[in-house]
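Residue numbers (the UniProt record's numbering): 1 to 172.
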């Protein structure tokens, strides 16, 4: 195969690729872009607050849609603005997104049903740990006084007293 034939094959292979790139950029340039919906300042603050409480369904880091740059987050932000402009309440907007994406999308999930275990589990663990510590300290405290009382009742032995001083032990 000659060098000239190789160049001709390369050019003939690049022509369709270049044509596709030109057509796709032309199609992209002609698609209408919608301007983001502008809201009054009070509604804009409400939209931002709602966006901070919704999690991006694609982001692994748990980012809110207000911080995320993914396409789905952009669409979700637009949807929040549209729903606020339509006069929906915050709870209606959260319900819309939780029905569509599940409770995972809510950064502050409702405290009902199975989610109650997630909210109450740490409190139950803390209470159980506190009860176990209290029981342990209570038993330890009563055990020490019984050993001291037993030492006081036994007769004085000089040799035993010397062993206790040498070993640093006070128990029998």
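Quick reminder that beta carbons are idealized off the backbone N, C-alpha and C, glycines included.
Remember, predicted model here, so these are calculated numbers, not experimental data.
Check your understanding: From residue 30 to residue 78, what does the alpha carbon distance come to, in whole angstroms?
Key -> Interpretation of residue 30 is limited by its pLDDT of 45, a score under 50 that renders its predicted location unreliable; no figure is taken from the coordinates.
Practice item. Report the rounded CA-to-CA distance for residue 127 versus residue 121, giving the unit in angstroms. Key: So the two alpha carbons sit approximately 10 angstroms from each other.
Check your understanding: Looking only at C-alpha atoms, which of 80, 60, 52, 75 sits nearest to residue 67?
Key -> That would be 52, whose Cα lies nearest to the Cα of residue 67.
Review point. For residue 39 versus residue 88, is the C-beta distance shorter than 8 angstroms?
Key: No. Outside cutoff.
Check your understanding: According to the neighbour-count rule (16 or more other Cβ atoms, all chains shown, within 10 Å of its Cβ), is residue 28 buried or exposed?
Key -> Only weak support is given to the placement of residue 28: the predicted model assigns it a pLDDT of 48, under 50, and the value that follows is read from those uncertain coordinates. The residue in question, residue 28, is exposed, as its Cβ has fewer than 16 Cβ neighbours within 10 Å.
Check your understanding: Would you call residue 94 buried or exposed, if buried means 16 or more other Cβ atoms sit within 10 Å of its Cβ?
Key -> Label assigned to residue 94: buried.
**Study point:** 7 angstroms CB neighbourhood of residue 105 in its chain, flanking five on each side removed
**Key:** Result list for residue 105: 54, 55, 57, 97, 98, in chain order.
Practice item. Measure the C-alpha to C-alpha separation of residue 154 and residue 136 and round it to an integer number of angstroms. Key: C-alpha separation (whole angstroms): 28 angstroms.
Practice item. Output the distance between the C-alpha atoms of residue 138 and residue 130, rounded to the nearest integer angstrom. Key: Between residue 138 and residue 130, the C-alpha separation is close to 12 angstroms.
Point to revise | Where the alpha helix (DSSP H) containing residue 47 begins and where it ends | key: Counting along the chain, residue 47 sits inside the alpha helix (DSSP H) bounded by residues 41–52.
Check your understanding: Quick one: what does DSSP say residue 100 is sitting in, helix, strand or coil?
Key -> In the three-state DSSP reduction, residue 100 falls in the helix class (H, G or I).
**Study point:** Where residue 133 sits in the DSSP three-state scheme
**Key:** Helix, per DSSP.
Review point. Quick one, which of 125, 90, 72, 74 has its alpha-carbon nearest residue 45's?
Key: In terms of CA proximity to residue 45, 90 leads the group 125, 90, 72, 74.
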